[in-house]
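Residue numbers (the working numbering), protein chains in the order written: chain A, 2 to 246; chain B, 2 to 246. From the three backbone atoms N, C-alpha and C, an ideal C-beta is built for every residue, glycine too.
2 protein chains.
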Amino acid sequence: MGSDDARPRRRQTLSRAGIIELAIELLDSGGEAALTVRALTERLSTGAGAIYYRVGGRDDVLDAATETVVLKVLRDPVERDSDSLGGPQTHIQTLALRLFDAIDAHPWLASCLIAQLVRRPGGPVAIGLFEGLGAHIRDMGVPQAAWFVATSTVVHYILGAISQTARDGSADGHDRERFLDDAAATWGSLNVEAYPVVQAMAEQMHAHDDRAQFVTGITLVLAGISHASGAAGGEPSADERNPNV
Amino acid sequence: MGSDDARPRRRQTLSRAGIIELAIELLDSGGEAALTVRALTERLSTGAGAIYYRVGGRDDVLDAATETVVLKVLRDPVERDSDSLGGPQTHIQTLALRLFDAIDAHPWLASCLIAQLVRRPGGPVAIGLFEGLGAHIRDMGVPQAAWFVATSTVVHYILGAISQTARDGSADGHDRERFLDDAAATWGSLNVEAYPVVQAMAEQMHAHDDRAQFVTGITLVLAGISHASGAAGGEPSADERNPNV
DNA sequence: ACCTGAACACCGTTCAAGT
DNA sequence: ACCTGAACACCGTTCAAGT
Chain A
2 MGSDDARPRR RQTLSRAGII ELAIELLDSG GEAALTVRAL TERLSTGAGA IYYRVGGRDD
62 VLDAATETVV LKVLRDPVER DSDSLGGPQT HIQTLALRLF DAIDAHPWLA SCLIAQLVRR
122 PGGPVAIGLF EGLGAHIRDM GVPQAAWFVA TSTVVHYILG AISQTARDGS ADGHDRERFL
182 DDAAATWGSL NVEAYPVVQA MAEQMHAHDD RAQFVTGITL VLAGISHASG AAGGEPSADE
242 RNPNV
Chain B
2 MGSDDARPRR RQTLSRAGII ELAIELLDSG GEAALTVRAL TERLSTGAGA IYYRVGGRDD
62 VLDAATETVV LKVLRDPVER DSDSLGGPQT HIQTLALRLF DAIDAHPWLA SCLIAQLVRR
122 PGGPVAIGLF EGLGAHIRDM GVPQAAWFVA TSTVVHYILG AISQTARDGS ADGHDRERFL
182 DDAAATWGSL NVEAYPVVQA MAEQMHAHDD RAQFVTGITL VLAGISHASG AAGGEPSADE
242 RNPNV
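Spelled out as structure tokens, the structure:
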């Protein structure tokens, strides 16, 4: 206000957003191990203290990168991807699939997302997830008293499923396929007396498609929710109440 | 065989099992960060090479510790914990709850279990999980073609749910409770226009009980599975198509 | 065969010092 | 206010050398 000396900022090269953007780039190309404070400082030609001043420690950078990616995925209105005729279940599938597909470009995201929700259960990522998915749970006709349990169940399924789809930094998609083929071969070669179920599953594991299986899984979870709460499947029908969930 | 010079083993102090046992002890008391090769060597009065010779690198120790704990939990017949009158769904709940409860004593287990299943999808832990749970999925009457999808869905839900129950090494149960209270307070104080659903969930989040919610969640998932496989009389909803999938 | 432990190549974080 | 970067206290892993 009163001060007439217009203070010239020494530099403007270093912004919080720029650090986070670079962090995402490092994570995408080299996995979680590639995000080091040193890699950040070298690429930005700065000192370690600058990172701490702008963002914080390594975990804070990781959380910020996760938040940036997840909130971007959640922000777009579902109508952009969903058939507008689809009911709330379709919208939940759309959101879930966006998260699933984000793992392809950001294989590090699954474990960071899980870690972040543990560290900050009331934080912006948790809020975005529960608001985005919860609205459709509400639209399914689930009674309000069950919104939190039902949404939590969906979130838990999504987290577990994407965590298993994530490759670690080193492996690419092709490696992972061979990896699962090996696993299926191991299952198939087991003693059928000791492992009858796994033995029988080996063939399906070999043939299975991660994405299709993810959709089936979430469909099953939603079926359970709508069945238990008495809500009709895709259509938000009116007066259905079940206090029991 | 032929050689008559009975070679005296220099020492017998260092066994693979002993290393793993100590690793679990370190993990239980100090979290994942407390398991270092150096901590192991100091407590065992040995050199780093000995660990590598007997078990392998740090990740191998982590995997071995995880395997030991998980397989122990899965090994007991479910009849020990389940009401013997209970059906297959009860038995799945029993197994799931054993896993859930194991997180209390071993808060590090959730993230290590997830990591291990990614690293070794055909390994003994995966096999134990899918055989143990899959047998009851079969007993529910799910058609064989859907065993793998259905069991995967249950596994994914369990992984996601226990990952969120896990505290990190520093926090104890009391800390975590205060943590969630804070989160609920944050949710409750949000702008109701922007976050109507989360705002409405705040109260339930505050009142909720992790364990009860876990049981509700798995019940919902199982309801979805039995509903889908019962209604179709064949495969579960693998053919229910979201048009944009 | 089994173990030792120094050496190597990294980490994240801090903080006095600069501008 | 904002940045520097040396210093500190750690890591996991390797491998020649011992027995």
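- prompt: For residue 1 of chain A, does the count of other Cβ atoms within 10 angstroms reach 16, so buried, or fall short, so exposed?
  reply: Lying before the first or after the last residue shown, residue 1 of chain A is absent from chain A, which here runs from 2 to 246.
query: Hey, residue 28 of chain A and residue 66 of chain A are a contact pair by Cβ (cut 8 Å); roughly how many whole angstroms apart?
result: In the first sequence, residue 28 of chain A corresponds to position 27, counting from 1. In the first sequence, residue 66 of chain A corresponds to position 65, counting from 1. Contact flag correct, Cβ pair sits at about 6 Å.
- prompt: At least one CB of chain B closer than 8 Å to the CB of residue 109 of chain A: is that the case?
  reply: Within the first sequence, residue 109 of chain A is the residue found at index 108, counting from 1. Not one chain B Cβ lies under 8 Å of residue 109 of chain A.
- prompt: Where does residue 175 of chain A fall in DSSP's three states?
  reply: The count along the first sequence starts at 1 and reaches residue 175 of chain A at position 174. Helix at residue 175 of chain A.
- prompt: residue 15 of chain B: which of B:37, B:49, B:214 and B:30 sits nearest, CA to CA?
  reply: As a working note, residue 15 of chain B is residue 14 in the second sequence. Closest option to residue 15 of chain B, Cα to Cα, is B:49.
query: Where are the alpha helix (DSSP H) runs, 4 residues long or more, that stay fully inside the segment 69–126 of chain B, in chain order?
result: Counting only runs of 4 or more, we get 89–106 and 110–120.
- request: Please name the residues in the segment 154–188 of chain B whose beta-carbon is closer than 8 Å to at least one beta-carbon of chain A, in chain order.
  value: Of all residues in the segment 154–188 of chain B, the ones placed with a Cβ closer than 8 Å to any Cβ belonging to chain A are 154, 156, 157, 158, 159, 160, 161, 162, 164, 165, 167, 168, 169, 180, 181, 183, 184, 185, 186, 187 and 188, in chain order.
- prompt: Can the beta-carbon of residue 160 of chain B be found less than 8 Å from the beta-carbon of residue 190 of chain A?
  reply: If you number the second sequence from 1, residue 160 of chain B lands on position 159. If you number the first sequence from 1, residue 190 of chain A lands on position 189. In this structure, residue 190 of chain A does not lie closer than 8 Å to residue 160 of chain B by Cβ.
query: Any beta-carbon of chain A closer than 8 Å to the one on residue 122 of chain B?
result: Looking up residue 122 of chain B in the second sequence gives position 121. Yes, because at least one Cβ of chain A sits closer than 8 Å to the Cβ of residue 122 of chain B.
- request: Check each candidate in A:111, A:195 and A:136 and name the one with the smallest Cα separation from residue 196 of chain B.
  value: Mapped onto the second sequence, residue 196 of chain B falls at position 195. It is A:136 whose Cα lies nearest to the Cα of residue 196 of chain B.
query: My guess is that residue 115 of chain A and residue 69 of chain A are in contact by the Cβ rule of under 8 Å, so how many angstroms apart are they, rounded?
result: Here residue 115 of chain A refers to the residue found at position 114 when the first sequence is read from its first residue. Here residue 69 of chain A refers to the residue found at position 68 when the first sequence is read from its first residue. At roughly 17 Å, the Cβ-Cβ gap does not stay under 8 Å, so residue 115 of chain A and residue 69 of chain A are not in contact.
task: State the DSSP-derived secondary structure class of residue 157 of chain B, mapped to helix, strand or coil.
output: In the second sequence, residue 157 of chain B corresponds to position 156, counting from 1. Residue state, collapsed to three classes: helix.
- request: Consider the Cβ of residue 101 of chain B: report whether some Cβ of chain A lies at a distance smaller than 8 Å.
  value: For the purposes of this step, residue 101 of chain B is taken as the residue at position 100 of the second sequence. The beta-carbon of residue 101 of chain B is placed no less than 8 Å from the nearest beta-carbon of chain A.
query: By how many angstroms is the C-alpha of residue 167 of chain B removed from the C-alpha of residue 20 of chain B?
result: As a position in the second sequence, residue 20 of chain B is number 19, starting the count at 1. As a position in the second sequence, residue 167 of chain B is number 166, starting the count at 1. Those two C-alpha atoms are separated by around 24 Å.
- request: Note down, in chain order, every chain B residue with its Cβ under 7 Å from the Cβ of residue 117 of chain A.
  value: To locate residue 117 of chain A, count along the first sequence from 1; it is residue 116. Against residue 117 of chain A, chain B offers no close residue; the least beta-carbon distance is about 11 Å (beta-carbon pairs closer than 7 Å).
query: DSSP three-state call for residue 47 of chain A: helix, strand or coil?
result: Taking the first residue of the first sequence as position 1, residue 47 of chain A is located at position 46. In this structure, residue 47 of chain A counts as coil in the three-state DSSP scheme.
query: Just the Cα atoms here: how many angstroms apart are residue 188 of chain A and residue 200 of chain A?
result: The residue given as residue 188 of chain A occupies position 187 in the first sequence. The residue given as residue 200 of chain A occupies position 199 in the first sequence. Distance between the alpha carbons of residue 188 of chain A and residue 200 of chain A: 6 Å.
task: Establish whether the CB of residue 21 of chain A and some CB of chain B are separated by less than 8 Å.
output: For the purposes of this step, residue 21 of chain A is taken as the residue at position 20 of the first sequence. Not an interface residue.
- request: Give the straight-line distance between the Cα atoms of residue 90 of chain B and residue 82 of chain A, rounded to the nearest whole angstrom.
  value: As a working mapping, residue 90 of chain B is identified with position 89 in the second sequence. As a working mapping, residue 82 of chain A is identified with position 81 in the first sequence. About 36 Å.
Pairwise C-alpha distance: residue 182 of chain B and residue 175 of chain B: By 1-based counting over the second sequence, the position of residue 175 of chain B is 174. By 1-based counting over the second sequence, the position of residue 182 of chain B is 181. About 11 Å.
- prompt: Helix, strand or coil for residue 222 of chain A per DSSP?
  reply: The residue given as residue 222 of chain A occupies position 221 in the first sequence. Three-state result, residue 222 of chain A: helix.
task: State yes or no: is the beta carbon of residue 52 of chain B nearer than 8 Å to at least one beta carbon in chain A?
output: Position 51 of the second sequence, counted from the start, is the residue given in the question as residue 52 of chain B. When Cβ-Cβ separations below 8 Å define contact, residue 52 of chain B makes no contact with chain A.
- request: May I ask you to report which of helix, strand or coil DSSP gives residue 206 of chain A?
  value: The residue labelled residue 206 of chain A in the question sits at position 205 within the first sequence. Helix.
- prompt: Quick one: what's got a C-beta closer than 6 Å to residue 131 of chain A's C-beta in the same chain, skipping five residues either side?
  reply: Locating residue 131 of chain A in the first sequence gives position 130, where the first residue counts as 1. If the five residues before and after residue 131 of chain A are omitted, its C-beta is found closer than 6 Å to the C-beta atoms of 152, all from its own chain and listed in chain order.
query: Using a beta-carbon distance below 8 Å, is residue 221 of chain B in contact with chain A?
result: Taking the second sequence and counting its residues from 1, the one referred to as residue 221 of chain B is at position 220. Yes, because at least one Cβ of chain A sits closer than 8 Å to the Cβ of residue 221 of chain B.
query: With a Cβ-Cβ cutoff of 8 Å, do residue 45 of chain B and residue 23 of chain B count as a contact?
result: Locating residue 45 of chain B in the second sequence gives position 44, where the first residue counts as 1. Locating residue 23 of chain B in the second sequence gives position 22, where the first residue counts as 1. Yes. Within cutoff.
field: residue 108 of chain B, buried or exposed, once every other Cβ within 10 Å from all chains shown has been counted against 16
entry: The residue given as residue 108 of chain B occupies position 107 in the second sequence. Buried, because 16 or more other Cβ atoms sit within 10 Å of the Cβ of residue 108 of chain B.
query: In terms of residue numbering, what span does the alpha helix (DSSP H) encompassing residue 26 of chain B cover?
result: Sequence index remark: in the second sequence, residue 26 of chain B carries index 25 (1-based). Start and end: 17–31.
task: Answer yes or no: does any C-beta atom of chain B fall closer than 8 Å to that of residue 206 of chain A?
output: Within the first sequence, the letter at position 205 stands for residue 206 of chain A. Closer than 8 Å: yes.
- prompt: Which residues, taken in chain order from the segment 53–87 of chain A, show a beta carbon closer than 8 Å to some beta carbon of chain B?
  reply: Shown in chain order are the members of the segment 53–87 of chain A whose Cβ falls below 8 Å from a Cβ of chain B: 82, 83, 84 and 87.
message: What does the Cβ neighbour count give for residue 1 of chain A, buried or exposed, with the cut at 16 atoms within 10 Å?
response: As displayed, chain A neither begins before 2 nor continues past 246, which places residue 1 of chain A out of reach and without an answer.
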